[in-house]
Amino acid sequence: MKNPKLVPIILTVIIVVLAAAIIGILIFMKNQPIEKRGVQPLVEIAAMEPDSSKWGLNFPNQYTTLLLTETNQMRTTFGGSEPVEKLDVDPRLRTLFAGYSFSKGYSEDRGHMNSLTDVRNTPRLSDATPGTCYSCKSSSNPSLWAEMGMATYDAMKFTELTARVTEPIGCANCHEANTMRLVVTNPALEEALAEQGLDWTKFTRQEMRTVVCANCHVEYYFQKDTNYLTFPWDNGTRIEGIMDYYAEVGHTDWTHADSGAPIIKMQHPDYELFSAGSTHFNAGVACADCHMPYTRDGAVKFSTHNVMSPLLRPSETCGACHTDVDYVVERVTEIQGQVWATMENCENALVDAIAAIKTAAEDPNADAALIDEARQLHRQSQARWDFIAAENSMGFHNPEEALRILAVATDFARQAQIKAIEAVK
Ligand code: HEC
Ligand code: HEC
Ligand code: HEC
Ligand code: HEC
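Residues 918 to 1342 (our numbering) make up the sequence shown, in order.
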């Protein structure tokens, strides 16, 4: 080298240039969008995508098992999915529902993929049927609610909404797209929880495995004039709180054709009965534990989305926790048999009460005040009976509570009958 004095200067320049290059590269890398997850989904799913087959590209096991709910039609003693006509199985129901659309048709529930077909085929439909009846039947709903708001949706007629409600129950009813977390999708559930000071976004994963079913498997009613979908939970989710709520807002579904009593029709309070302190609920067991057990497909473990009666695969459902599967299944038979027998007694008492009130009401000399008391007792009795009758497990979800409620219902019906008999004395 001709001028050794230049060596440190050249070295310094090289170091500065290299450092600048490294800093430049680091800044460049930092400004790149971060990789969101290790394995990219095959397709990005639009928020609230109604079409389950699109989600199915990413999650074929969950999708194909969901599809099985269309054809999983097997019967159990009190459940299963055959579309049996409950009115023919138990003719007392025609008397209990006299004057109401349920006396025209009342089918056993079926799997989730049948929801749209079944709601469109029920003989209970008429031109006046509100759009609100679609609320728990379709994965088209979450995006429609987001677009137009639930109040507008509920103000529409069933027939007006038919063209826009195109999918049966699907992924968008229970999951947030892409994150796949379980979510509350029904605004009525969100509002009812908030009314009780509960924020579902803070619930644990195990709690969500139950609450996601409460989007639909609950008691609800449509507010007068607006048909706004509402869960009657302001005073809690037990039957007493629900009946207090209906008294406060003055709600009645119909006036009984024979007794003249103002009656509440219960929908399907599976969530309310299960969560009313049942052994399984208190032990932290969730709806999905019994109805969506883990299944294997080769090396892959996933939740089956073929939701159905747990009795059709007891070793997968009950067997996940109980070693003696035969014993617990036998317990179901006994519990359901006991609840059914108690329910029949209750129905007989109600039929007697209705006949007695009808007779009294036809007598011009009868004591009007006593008839009124008898009608109020009929209302209270029938709501309790129906809470257990319309619930889907024939008492299994909460045997103690089911028998307690039926006992009170039977007592109220007999009191109603006695009041009506006294009214004509
Ligand atoms: C400990 C297990 C267990 C849990 C937890 C459970 N269920 Fe069930 N469920 C059953 C059994 C058993 C039946 C009765 C099935 C039959 O009679 O065929 C049933 C019946 C049903 C049915 C009627 C099924 C049919 O085939 O007609 C529905 C709907 C249902 N449950 C929904 C729910 C919901 C919603 C929850 C949570 C709020 C829940 N279940 C929690 C065990 C369970
Ligand atoms: C009725 C509600 C419901 C519907 C409809 C539903 N899921 Fe699920 N899904 C669940 C529940 C409950 C779990 C259990 C979640 C947990 O354990 O955290 C689950 C779990 C999953 C998981 C997590 C992995 C596993 O199997 O446990 C994926 C992925 C998934 N579902 C995809 C789908 C896809 C895709 C669809 C539509 C084709 C769909 N789900 C429809 C309720 C539902
Ligand atoms: C979007 C509303 C909705 C959600 C969410 C929902 N269900 Fe259902 N479910 C229904 C409707 C509606 C039916 C009846 C469909 C018919 O009869 O066509 C039904 C039917 C069922 C049946 C009866 C199936 C049969 O084969 O008889 C079971 C069991 C059931 N649901 C359990 C669950 C469980 C467990 C969850 C939560 C993981 C859940 N559902 C979430 C609306 C819903
Ligand atoms: C996720 C776990 C889990 C699943 C699934 C499950 N159980 Fe249980 N079961 C429990 C626990 C926990 C208890 C309470 C045990 C105790 O307190 O000793 C219980 C208690 C019971 C009892 C006794 C109830 C009582 O009041 O003493 C019966 C009967 C029963 N289970 C039946 C069933 C049947 C039938 C199924 C399937 C349809 C089932 N269980 C599914 C966890 C489960």
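Idealized CB from N, CA, C, for every residue including glycine.
Since the model is a prediction, treat every value here as computed from it, not as a measurement.
Sequence-distant residues of its chain with Cβ nearer than 8 Å to residue i (five each side left out)
{"i": "A937", "result": "none"}
{"i": "T1143", "result": "A1068, D1071 and A1072"}
{"i": "K1218", "result": "Y1211 and T1212"}
Under 8 Å between C-beta atoms of residue i and residue j
{"i": "L974", "j": "V960", "result": "yes"}
{"i": "V1135", "j": "F1120", "result": "no"}
{"i": "A1291", "j": "I1274", "result": "yes"}
{"i": "F1304", "j": "I1180", "result": "no"}
{"i": "E1308", "j": "P1186", "result": "yes"}
{"i": "Y1017", "j": "W1171", "result": "yes"}
{"i": "D1280", "j": "V1224", "result": "no"}
{"i": "A1333", "j": "A1270", "result": "yes"}
{"i": "Q1253", "j": "F995", "result": "yes"}
{"i": "R1041", "j": "G1066", "result": "no"}
{"i": "Q1123", "j": "G1028", "result": "no"}
{"i": "S1226", "j": "T993", "result": "yes"}
{"i": "H1222", "j": "Q990", "result": "no"}
{"i": "A1278", "j": "G1177", "result": "yes"}
{"i": "S1020", "j": "K1003", "result": "no"}
Contact set for residue i: own chain, Cβ-Cβ below 6 Å, skip 5 residues either direction
{"i": "V1101", "result": "E1107 and W1117"}
{"i": "C1235", "result": "V1242 and V1245"}
{"i": "A1266", "result": "T1327, A1330 and R1331"}
{"i": "Q1140", "result": "T1147"}
{"i": "G955", "result": "With a pLDDT of 46 at G955, under the threshold of 50, the modelled position of this residue cannot be trusted; read the value that follows with caution. Closer than 6 Å at the Cβ level, and outside the excluded window around G955, lies no residue."}
{"i": "V1036", "result": "K1054"}
{"i": "L1294", "result": "F1329, Q1332 and A1333"}
Helix, strand or coil at residue i [DSSP, three-state]
{"i": "H1029", "result": "helix"}
{"i": "F1304", "result": "helix"}
{"i": "T1096", "result": "coil"}
{"i": "R1230", "result": "coil"}
{"i": "F1219", "result": "strand"}
{"i": "K1342", "result": "coil"}
{"i": "D1214", "result": "strand"}
{"i": "K1054", "result": "coil"}
{"i": "P1047", "result": "strand"}
{"i": "K922", "result": "coil"}
7 Å CB neighbourhood of residue i in its chain, flanking five on each side removed
{"i": "V1325", "result": "R1301"}
{"i": "C1088", "result": "S969, W972 and S1056"}
{"i": "I1343", "result": "Examination of residue 1343 is not possible in this model, given that the chain is present from 918 through 1342 alone."}
{"i": "V1249", "result": "L1228 and F1313"}
{"i": "N1315", "result": "L1190, F1191, A1193 and S1195"}
{"i": "A1203", "result": "Q1123, R1126 and T1127"}
beta-carbon residue i near ligand 6 non-hydrogen atom, thresh 7 Å
{"i": "T993", "result": "Summarising the ligand content, the structure contains ligand 1, ligand 2, ligand 3 and ligand 4 and does not contain ligand 6."}
Any chance you could list the residues with Cβ under 5 Å from a heavy atom of ligand 4, keeping chain order?
T1196, A1200, V1202, D1206, C1207, P1227, T1234, C1235, A1237, C1238, V1245, R1248 and V1249
Going residue by residue through the segment 1178-1212, where are the continuous alpha helix (DSSP H) segments of at least 4 residues, counting only ones entirely within it?
1187-1192, 1196-1199 and 1204-1208
Contained alpha helix (DSSP H) runs [length at least 4] in the segment 1138-1182, N- to C-terminal order
You should have 1156-1166.
Which residues end up in the neighbourhood of ligand 2 when you take C-beta atoms closer than 6 Å to any of its heavy atoms?
S969, W972, G973, F976, Q979, Y980, L983, I1086, G1087, C1088, N1090, C1091, H1092, M1097, L1099, R1122, R1126, V1129, A1205, M1209, F1219, S1220 and H1222
Quick one: which unbroken alpha helix (DSSP H) runs of 4-plus residues sit fully inside the segment 987-1025? Chain order, please.
1003-1006 and 1009-1013
List, from N- to C-terminal side, the alpha helix (DSSP H) runs of 4 residues or more that fit wholly inside the segment 1102-1143.
1104-1112 and 1122-1128
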